[in-house]
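Below is one structure, written out as C-alpha cells; the observations come after it.
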Amino acid sequence: MADRYLNFTGTAPGRFLTRRLGLPQPAPLHRFSAERPRFEGKLLHLTAGEPAHREELGKLLAGTGLDVVSTAATASQAEHPVAAVVDATAVTGLDTLADVHAALHPVVRSLAAGGRVIVLGALPSPDDHHQAAAQQGLEGFVRSLGKEIGRGRTVNLVRVAGPVAGAESTLRFLLSPKSAYVSGQVIQVGATEGELTLPENWDRPLAGRTALVTGAARGIGEAVAETLVRDGAEVVLLDVPSAEADLAKVAERLGGRALPLDITAADAGERIAEFVPDGLDVLVHNAGITRDRRLANMPAERWSSVLEVNLASVLRTTDALLEAGAVRRGGSIVATASIAGIAGNTGQTNYAASKAGIVGLVRSLAPRAAAEHGVTVNAVAPGFIETKMTAAVPLFIREAGRRMNSLGQGGLPVDVAETTSWFASPGSGAVNGQVVRVCGQSLLGA
Ligand code: NAD
C-alpha cells in the first residue's frame, strides 16, 4: 500500500510544509537494487581506547568497497562520509567511553543522508563492573543516537564476543543498502560459534544451498524466497494447500519448487524431510497468523490456532528436521518473531505469546544446535511492514504504526528478507541466538 505521506514529504512543498508544522519528515531509504547494490564513498574507521585488532578490522571494512579513512585527523576532512564505524571494543571505563563521544561528535552532522553509524563493542564483563558499565553505556548511546540522527541514517551496536573475523558478514550487511530498515539494534557475534565458512562470492553467498521458506505464497515469505534466490539459493516454497495456486505462481517465477502443506500437520517435519532427501541448508519459519481479541473475549480456539501455527509447528518441525539430520552442518534456521512479542500489544495475548515463544526457542536452542548440529538459530522480529495484513489495519492505527519509529515510515517485506538472508549466509556462522528487529527502531518494545 502506497505511503502517500512519505511521497508528499519527498516533494519541495511537502518538505516546506512539514518543516513549518513540525511534522515527521521521513527520508526515502536507499535499498538494494541491481542498479545501486552498494554504497559508495568514505567510511570513517574511528577508535575509542586502543583496540588490539585495529589492522584486521581495517581490512574487513575495506572489503565493503567503501573508501576507508582510518585516522581521526583525515576523518574530519572527509566530506559527507557514508558511514562511521567506531571500534569501542577497548572501552573499559568512562574515560575511554568519552572517546566515543570525541570520535563521533565532530563528524555526525556531516554523515550522508541514509548513512550508517556502527559502534563495535565488547561483552559487558561479569568480573569488572567499570568495564560493564561503560560497555552497557554504549547501548544507551546507540539507541539515543538512532532516535536523533534522522535523514534515513541508522545506528547499530555490534558486540564482538569472539574473533573480529566473525563480524565480517554482519559489518557487510550493516554497511550496505540491505539493512536500510534495521536501526537501534544490538547484535552479538561470536559468543557461540556455528561453522564459519566465508562465501567465495559475497554477492551470491547462498550459491549451492537449498532453502525452505514456510508461508511463501505471499507477503514477507514470498519476498524472503525471492531474496534467497537472488543470493544464489535453490528454494522450496511451502504454504497451505488452499494457497496452492498462488504458491505455484511464485515457485514458477522464482524457479523454485512448491510444497503445499499445512505446517501444523503432525508429520510436517517428516514430509519436508522426504521432499528434500538431500537435506536443507536454510530453514525459514515464516508462516504466521493473527486472531486478535482481548483476552476476556478470546475463545480457546483463537488462542490455540495462533499458538499452533506460530509456535507449536515451529518447535515440532525444527525438532523433527534436526533429529533427522535434515538441516546440514553449516546451515541455519531463521524464525519469525515480532515486535508485538517483545513489547506486547492490546488484543494480541495469543500472538505475542507465540512470538515471545519464538524468542525463547531461539535463545535456548542456538548454542545446542551449533554444538550438536553445526547449525545457527536466529530470529527476525519485524515491526510495521507494508503488507496486505497491515493494509487492512484502520487508517489511524496504520499511520501511527508507520510513523512511530526512528525512520518515520513502515518497512517493506524485502527488509525482513534481507535480514533473513544475512542470517542464512554461511559467513554468518558466528551470529547465533540473535533476535534482530527489523522495525526502523520502533518506539514499541525498544
Ligand atoms: P501473510 O498473512 O501475508 O502471509 C503468511 C503466509 O503464511 C500466508 O501465505 C499463509 O497462507 C501462510 N500460512 C498461514 N498458516 C499456515 C500454515 N498452517 N501452514 C503453512 N502456511 C501457512 O503475513 P506476512 O505479513 O507476510 O507475515 C509473515 C510473518 O511475519 C508472520 O509470521 C507474521 O506473524 C510476521 N510478522 C509480520 C508483520 C507485518 O507487519 N506484516 C509484523 C511482524 C511479524
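Residue numbers (my numbering): 2 to 447. A virtual CB, placed ideally from N, CA and C, is assigned to each residue, including glycine.
What does a CB cutoff of less than 8 Å around I221 pick up in its chain, not counting 5 residues either side in sequence? N287, T337, P383, I386, T388, P414, V417, A418
Same chain only: Cβ atoms within 7 Å of V236, ignoring 5 sequence neighbours per side: A212, V214, A226, L229, V230, L255, G257
Smallest Cα separation from S355: which of E373, L362, G361, L308? L308
Within 10 angstroms of the Cβ of L105, are there 16 or more other Cβ atoms? Answer buried if so, exposed if not. buried
May I ask you to report which of helix, strand or coil DSSP gives R404? helix
Does the distance from the C-beta atom of D240 to that of A217 stay below 8 Å? yes
Taking the beta carbon of P200 as the centre, do at least 16 other beta carbons fall within 10 Å, making it buried, or is it exposed? buried
Measure the alpha-carbon distance for G412 versus V439 and round it to whole angstroms. 8 Å
Is the region 129-140 touching the region 61-73 in the sense that three or more CB pairs, one from each, lie closer than 8 Å? no
Give, in chain order, every unbroken run of the alpha helix (DSSP H) that is at least 4 residues long and sits entirely within the region 171-200. none
Grab me the residues of S177's own chain with a C-beta within less than 6 Å of its C-beta, minus the 5 sequence neighbours each way, in chain order. R39
For G247, which residues of its own chain have a beta-carbon under 8 Å away from its beta-carbon, when the five flanking residues on both sides are left out? Contrary to the premise, residue 247 reads as Asp rather than Gly in this sequence. Correct list, in chain order: A218, R219, D240.
How far does the beta strand (DSSP E) with A337 in it reach, from first residue to last? It is Thr, not Ala, that sits at residue 337 in the sequence shown. Here the beta strand (DSSP E) through T337 covers 328-337.
What would DSSP say about T93, mapped onto helix, strand or coil? coil
Short Cβ contact (8 Å threshold) for A234 with A249: no
Which runs of the alpha helix (DSSP H) spanning at least 4 residues fall entirely within the region 254-316, listed in chain order? 269-276, 301-308
Is the Cβ-Cβ distance between Q26 and G409 less than 8 Å? yes
Under a three-way DSSP split, which group does E419 fall into? helix
Can you have a look at R37 and say buried or exposed, based on whether 16 or more other CB atoms are within 10 angstroms of its CB? exposed
Across which residues does DSSP place I386 in a beta bridge pair? G412
Whether G163 touches Q442 by CB criterion (8 Å): no
Limits of the unbroken alpha helix (DSSP H) element including V120: Run containing V120: none in the alpha helix (DSSP H); it sits in the beta strand (DSSP E), 117-122.
Just the C-alpha distance for K148 and T377, rounded to the nearest angstrom, thanks. 31 Å
Between the beta-carbon of H374 and the beta-carbon of V328, is there less than 8 Å? yes
M405: beta carbon under 7 Å from a heavy atom of ligand 1? no
Work out the CA separation of A133 and F33 for me, nearest whole Å. 36 Å
Using a threshold of 7 Å, is the CB atom of D240 nearer than that to any non-hydrogen atom of ligand 1? yes
For R205 and A313, I'd like the C-alpha separation in whole angstroms. 33 Å
Less than 7 Å separating the Cβ of G222 from some heavy atom of ligand 1? yes
How is the alpha helix (DSSP H) around H46 delimited, first residue to last? Run containing H46: none in the alpha helix (DSSP H); it sits in the beta strand (DSSP E), 43-48.
Taking DSSP as the reference, what is the three-state secondary structure of E235? strand
Give me, in chain order, the residues of the same chain whose beta-carbon lies closer than 7 Å to that of S126; leave out the 5 immediate sequence neighbours on both sides. Q132, A133
Can A425 and L207 be called in contact, C-beta distance under 8 Å? yes
Close Cβ partners of T48 (< 6 Å) along its chain, the five nearest in sequence each way excluded: D88
Assigned secondary structure, D68 (DSSP; H/G/I helix, E/B strand, else coil): strand
Beta-carbon separation of V187 and T155 under 8 Å? no
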